[in-house]
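Visitor: The listed protein sequences correspond, in order, to chains V and Y.
Taken in order, the first sequence gives residues 1 to 218; the numbers are from this note's numbering.
Taken in order, the second sequence gives residues 1001 to 1228; the numbers are from this note's numbering.
The C-beta atom is built at its ideal place from N, Cα and C for all residues, glycine as well.
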Amino acid sequence: MLRAEALRHSFGAVRALDDVSFSVQPGQTLAVFGPNGAGKTTLLKVLAGLIQPQRGRAQVDGGRRAIGWIGHQPQLYAQLTVRENLRFWASLYDVTPPGELLARLGLEEHADRPVRALSRGLVQRVAIARALTHDPTVLLLDEPFTGLDRVAAEALSRLLGQHTAAGRATVLVTHNVEEGTGLATDVAFMRAGRFVHFAPRAGRGPEQVGEEYRDAIA
Amino acid sequence: MRSPDLLRHAWAVAAKDLLVEFRSRTAILSVAVFVVLVLVVFNSARDPTAVSNVDLAPSILWVTFTFAAILALNRAFQIELENQALEGLLLAPIDRSSIYLGKLIANLVFVATIELIGVPLLALFFNVQVLPFLLPLIAVIALATVGFVAVGTLFSAMTVRTRFAELLLPVLLLPFMIPPLSWAVLATGRLLAGRPLSETLGWLNMLAVYDFVFVVLAVLLFPATVNE
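1. Under 9 angstroms between the Cβ atoms of V:V32 and V:F195?
2. Please report the distance separating the alpha-carbon of V:G12 from that of Y:L1169.
3. Roughly how many whole angstroms lie between the Cα atoms of V:L122 and V:A152?
4. Please name the residue, chosen from Y:A1193, Y:P1093 and Y:F1155, that lies closest to Y:V1128 on a Cα-to-Cα basis.
5. Counting contacts by CB-CB distance shorter than 9 angstroms, is Y:K1103 in contact with chain V?
6. Am I right that V:L140 and V:A48 are in contact with their C-beta atoms under 8 angstroms? What's the rounded C-beta distance?
7. In chain Y, which residues lie less than 9 angstroms from V:A4 when you measure between Cβ atoms?
8. For V:G163, report the span of its alpha helix (DSSP H) as first-last.
9. Considering Cα atoms alone, identify which of V:S119, V:R104, V:F198 and V:L132 is closest to Y:A1092.
10. Measure how close the beta-carbons of V:A90 and V:T137 come, nearest whole angstrom, since I'm counting them as under 8 angstroms.
11. Would you kindly check if the distance between the Cβ of V:P114 and the Cβ of V:L160 is under 9 angstroms?
12. Between Y:W1011 and the rest of its own chain, which residues show a CB-CB distance below 8 angstroms, the 5 nearest in sequence each way excluded?
13. Taking Cβ-Cβ distances shorter than 8 angstroms, what residues in chain Y pair up with V:L76?
14. Where do the N-terminal and C-terminal ends of the alpha helix (DSSP H) with V:I51 fall, by residue?
15. Taking Cβ positions, are Y:N1107 and V:Q73 nearer each other than 9 angstroms?
16. Nearest by alpha-carbon distance to Y:P1028: which of Y:A1144, Y:I1178, Y:A1069 and Y:R1046 is it?
17. Could you please give the first and the last residue of the uninterrupted alpha helix (DSSP H) stretch that includes V:F195?
18. Between the Cα of V:L156 and the Cα atoms of V:H175, V:A129, V:T174 and V:V171, which residue gives the shortest distance?
19. Who pairs with V:T29 in a beta bridge, going by DSSP?
20. Going by the beta-carbon positions, is the gap between Y:G1189 and Y:V1054 smaller than 9 angstroms?
21. Look at the Cβ atom of Y:E1087, then the Cβ atom of V:W69, and state whether they are nearer than 9 angstroms.
22. Would the beta-carbon of V:V46 fall within 9 angstroms of that of V:L17?
23. Using a Cβ cut-off of 9 angstroms (strictly closer), state whether V:E143 contacts chain Y.
24. Of all Cβ atoms in chain V, is any one closer than 9 angstroms to the Cβ of Y:R1008?
25. Measuring alpha carbon to alpha carbon, tell me which of Y:L1056, Y:A1142, Y:L1124 and Y:T1162 ends up nearest Y:N1074.
26. Please confirm whether Y:R988 has its beta-carbon closer than 9 angstroms to some beta-carbon of chain V.
27. Can you tell me whether V:R191 is buried or exposed, with buried defined as 16 or more other CB within 10 angstroms of its CB?
28. Counting only Cβ pairs nearer than 8 angstroms, list the residues of chain Y close to V:F198.
29. When the distance is taken between beta carbons, is Y:L1221 closer than 9 angstroms to Y:L1154?
30. Under a Cβ-count criterion, where at least 16 other Cβ atoms within 10 Å of its own Cβ denotes burial, should Y:S1030 be classed as buried or exposed?
31. For chain Y, check one thing: does any of its Cβ atoms lie closer than 9 angstroms to the Cβ of V:D94?
32. Using a threshold of 9 angstroms, state whether the C-beta atoms of Y:V1160 and Y:A1218 are closer than that.
33. Mapping the DSSP letters down to three states, classify V:M1 as helix, strand or coil.
34. May I ask which residues mark the beginning and end of the alpha helix (DSSP H) holding Y:F1022?
35. Relative to the alpha-carbon of Y:A1139, which residue among Y:N1043, Y:G1118 and Y:L1201 has its alpha-carbon at the smallest distance?
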């Protein structure tokens, strides 16, 4: 469903990706943990096709249409309403926004409010709705829990659980081991552009993963 | 990608940009005020005994439109940076040329709105007749506007992620604006002077060729300018 083969990419003298290879199958959720500057966001951008790697190749079955992206920024237009934003993004995928999505994310009563009038947590929920509006088979998530309140974080976790249960793939990058471990079927640790650990989670909890992570990146 | 898809996605981008501008109205209001201010200042400073209105008006009209367009073009891709919406556009399964075409359509509507304000004000302040030559004048303005907005939209995409975007855009754009602006000033001058239409046909042809060449070039080059 998603393959990365010997990815290498540098920004000037800084090597952001250094020989990264892995694959993610349907029903897998790969959580990539790493400190700031480890190359996590670059990895996601290469997988999404936003950055052309200098070496190696990344392939997502179904191409750009199959990808849903939730990043640091919501990719929304502040002057437009929630509904107008979703309608616009859906039109680029030649779909209509699914009606129940707003309800699932608790956004129904905010649908006709401009995004600029929403709180940070609500904006992040709209960003999640935007990413899911075309029913993607591969989700790429860059620190998706940033700015979410507890209710929204739980709603996102539920949605990601349903996504995985439906046989779809997810790659989640974060520096927060606690929030990422529960969702993961596989775990990778990234340091200076390299995977220093990549294995199934195999029942490990956040504490154990956190301990191994600290040892791996030390 | 098929042409209907290209045009549909381009229209979606353009409609979104126009709706964003309609909601905020910041750019259109500031540019409209700029146009009125420039025409009022030039009108106050002119000496009709030194240079006739018909000789002066074309240059003032096109100087006003040029700077108004640059102000407008600066904001074309700024709205995509606000919440990294540009990444969302690049991720979407659309031909990247449709993003360019959408921006071009929105910018043309924006600049045309400014021109709709500017031409009657010019006729009023400078006491020049535009109604007898309205159709050819519209053709000159439309052809010149398409040319420099096509180039400006491309350069706006190229410079938007640089630190000095607002400075770089006019520096890059002005040399490319010189040919269509010169032809437009000459053609407008002939029209306002009441010269035969045949005298302006050569300039109109040049403008049409410029438009064709630069719209095609910009559509082809745009995908490369937005790669990270």
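Guide: Taking the structure as given:
1. For the purposes of this step, residue 32 of chain V is taken as the residue at position 32 of the first sequence. For the purposes of this step, residue 195 of chain V is taken as the residue at position 195 of the first sequence. Their beta carbons are under 9 angstroms apart, which means V:V32 touches V:F195 by this criterion.
2. Position 12 of the first sequence holds residue 12 of chain V. Position 169 of the second sequence holds residue 1169 of chain Y. Answer to the nearest angstrom: the Cα atoms are 25 angstroms apart.
3. Taking the first sequence and counting its residues from 1, the one referred to as residue 122 of chain V is at position 122. Taking the first sequence and counting its residues from 1, the one referred to as residue 152 of chain V is at position 152. Spanning the two alpha carbons is a distance of roughly 8 angstroms.
4. On the second sequence, residue 1128 of chain Y is found 128 positions in, with the first residue counted as 1. When only C-alpha atoms are compared, the closest one is Y:A1193.
5. Position 103 of the second sequence, counting from 1, holds the residue named residue 1103 of chain Y. No, because no Cβ of chain V sits closer than 9 angstroms to the Cβ of Y:K1103.
6. The count along the first sequence starts at 1 and reaches residue 140 of chain V at position 140. The count along the first sequence starts at 1 and reaches residue 48 of chain V at position 48. Correct: roughly 6 angstroms between the Cβ atoms.
7. Here residue 4 of chain V refers to the residue found at position 4 when the first sequence is read from its first residue. Residues of chain Y passing the Cβ test: none, with the nearest at roughly 17 angstroms.
8. Here the question's residue 163 of chain V lines up with position 163 in the first sequence. The amino acid occupying residue 163 of chain V in the given sequence is His; Gly does not appear at that position. V:H163 -> alpha helix (DSSP H) spans R150 to A165.
9. Here residue 1092 of chain Y refers to the residue found at position 92 of the second sequence. For the residues V:S119, V:R104, V:F198 and V:L132, the minimum Cα distance to Y:A1092 belongs to V:L132.
10. As a working note, residue 90 of chain V is residue 90 in the first sequence. As a working note, residue 137 of chain V is residue 137 in the first sequence. Contact between V:A90 and V:T137 does not hold, since the beta-carbon distance rounds to 16 angstroms and is not under 8 angstroms.
11. Locating residue 160 of chain V in the first sequence gives position 160, counting from the first residue. Locating residue 114 of chain V in the first sequence gives position 114, counting from the first residue. Contact flag unset, no.
12. Translated into positions along the second sequence, residue 1011 of chain Y becomes position 11. The answer, listed in chain order, is G1102 and I1105.
13. Within the first sequence, residue 76 of chain V is the residue found at index 76, counting from 1. In chain order: N1083 and A1085.
14. Numbered from its first residue, the first sequence carries residue 51 of chain V at position 51. Per DSSP, V:I51 lies in no alpha helix (DSSP H) and is assigned neither H nor E.
15. Here residue 1107 of chain Y refers to the residue found at position 107 of the second sequence. Here residue 73 of chain V refers to the residue found at position 73 of the first sequence. Cβ distance not < 9 angstroms, so Y:N1107 and V:Q73 don't count as in contact.
16. Reading the second sequence from its first residue, position 28 is the one you call residue 1028 of chain Y. Residue identity check: residue 1028 of chain Y is Ile in the sequence provided, not Pro. Closest option to Y:I1028, Cα to Cα, is Y:A1069.
17. Taking the first residue of the first sequence as position 1, residue 195 of chain V is located at position 195. For V:F195, no alpha helix (DSSP H) encloses it; the enclosing beta strand (DSSP E) starts and ends at R194 to P200.
18. Taking the first residue of the first sequence as position 1, residue 156 of chain V is located at position 156. Residue V:A129 is the option with its Cα nearest to V:L156.
19. Here residue 29 of chain V corresponds to residue number 29 of the first sequence, with the count starting at 1. V:T29 is bridged to V:T170.
20. As a working mapping, residue 1189 of chain Y is identified with position 189 in the second sequence. As a working mapping, residue 1054 of chain Y is identified with position 54 in the second sequence. Yes. Within cutoff.
21. In the second sequence, the residue the question calls residue 1087 of chain Y occupies position 87. In the first sequence, the residue the question calls residue 69 of chain V occupies position 69. Closer than 9 angstroms, so yes.
22. Residue numbering aside, residue 46 of chain V sits at position 46 when the first sequence is read from its first letter. Residue numbering aside, residue 17 of chain V sits at position 17 when the first sequence is read from its first letter. A contact, by the Cβ cut-off of 9 angstroms.
23. By one-based count along the first sequence, residue 143 of chain V stands at place 143. For V:E143, the answer is no, since every Cβ of chain Y falls outside 9 angstroms of its Cβ.
24. Within the second sequence, residue 1008 of chain Y is the residue found at index 8, counting from 1. True, the Cβ-Cβ gap to chain V drops below 9 angstroms.
25. Here residue 1074 of chain Y is taken as the residue at index 74 of the second sequence, counted from 1. For Y:N1074, the nearest C-alpha among the options comes from Y:T1162.
26. Lying before the first or after the last residue shown, residue 988 of chain Y is absent from chain Y, which here runs from 1001 to 1228.
27. Here residue 191 of chain V refers to the residue found at position 191 of the first sequence. Counting C-beta atoms within 10 angstroms of its own C-beta, V:R191 has 16 or more neighbours from the protein chains shown and is therefore classed as buried.
28. Position 198 of the first sequence, counted from the start, is the residue given in the question as residue 198 of chain V. Chain-order list of chain Y residues neighbouring V:F198: empty, with the shortest C-beta distance near 25 angstroms, by a criterion of under 8 angstroms.
29. Position 154 of the second sequence, counting from 1, holds the residue named residue 1154 of chain Y. Position 221 of the second sequence, counting from 1, holds the residue named residue 1221 of chain Y. Yes, the pair counts as a contact, with Cβ atoms nearer than the cut-off.
30. Position 30 of the second sequence holds residue 1030 of chain Y. In summary, Y:S1030 is exposed, with fewer than 16 beta-carbon neighbours lying within 10 Å of its beta-carbon over all protein chains present.
31. As a position in the first sequence, residue 94 of chain V is number 94, starting the count at 1. Chain Y contact via Cβ: present.
32. Along the second sequence, read from residue 1 onward, the residue named residue 1160 of chain Y stands at position 160. Along the second sequence, read from residue 1 onward, the residue named residue 1218 of chain Y stands at position 218. Taking a C-beta distance under 9 angstroms as the contact criterion, Y:V1160 and Y:A1218 do not qualify as a contact pair.
33. Against the first sequence, residue 1 of chain V aligns to sequence position 1. Coil, per DSSP.
34. The sequence position of residue 1022 of chain Y within the second sequence is 22, counting from 1. S1003 to S1024 is the span of the alpha helix (DSSP H), which, as asked, contains Y:F1022.
35. As a first step, residue 1139 of chain Y is located in the second sequence; it is residue number 139 there, counting from the start. Considering only alpha carbons, the answer is Y:L1201.
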